[in-house]
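Residue numbers (the UniProt record's numbering): 1 to 178.
Have a look at the structure below, then the notes.
Okay, structure coming up:
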């Protein structure tokens, strides 16, 4: 008697699982068909850019270097500007084809100190060192000579003092010793 009652339950379970498997197979096959049709479709024609004129950033904004110095110095000295504005303008300066003057670097460092963002100040010094490129040995000593009193006054560490000028995980390779 109990066996006869469980047969309809088993049949309904088989039908239910058969429906789930069939649905899954249909969904997977539709996804595979769509994926394969995208791969096997004829490639679309693409326009290739062969030459691009590089425009100087200063040509786009129509400002001289002196006007830019005054503009960025005013932004850095404005106490209403928050961390986002300072970071954005430091990034904009880094994009330009120039190394900022020490007075502009000092204004940026004072803005970092006002916002209590020591990490931004150190990254700013790193970006200036990077901007010097292969003239680092001639430009950076002059910049450091000019900004060192400000660094001491504000309590900002240089990347060299923090050890950022050396690779973090550098070890001597034992194969190179011999």
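The beta-carbon is built from N, C-alpha and C at its ideal position, and this holds for glycine as well.
- For a cut-off of 8 Å, the C-beta gap from residue 111 to residue 143 is around 17 Å, too long to register as a contact.
- For the pair residue 75 and residue 89, the CB atoms are nearer than the 9 Å cut-off.
- Leaving aside the five residues that flank residue 93 on each side, the residues in its chain whose CB is nearer than 7 Å to its CB run, in chain order, 72 and 100.
- The Cβ neighbour count for residue 65, taken over all protein chains shown within 10 Å, is under 16; the residue is labelled exposed.
- Considering only 79, 118 and 82, the residue with the shortest C-alpha distance to residue 154 is 118.
- Annotation: the continuous alpha helix (DSSP H) that includes residue 92 extends over 83-95.
- Excluding sequence positions up to five before and after residue 160, its CB lies less than 6 Å from no other CB in the same chain.
- As the crow flies, the alpha-carbon of residue 97 is around 26 Å from that of residue 166.
- Around the C-beta of residue 162, fewer than 16 other C-beta atoms lie within 10 Å, and the residue is accordingly described as exposed.
- For residue 156, there is no enclosing alpha helix (DSSP H), as DSSP marks it with neither H nor E.
- Note on geometry: alpha-carbon atoms of residue 157 and residue 30 lie some 60 Å from one another.
- Look at residue 164 here: in three-state DSSP terms it is coil, with no helix or strand label.
- Take the alpha-carbon of residue 68 and the one of residue 81: they are about 17 Å apart.
- When the Cα atoms are used, residue 79 and residue 109 turn out to be separated by approximately 13 Å.
- In this structure, residue 135 and residue 129 do not form a Cβ contact; the two beta carbons are roughly 11 Å apart against a cut-off of 8 Å.
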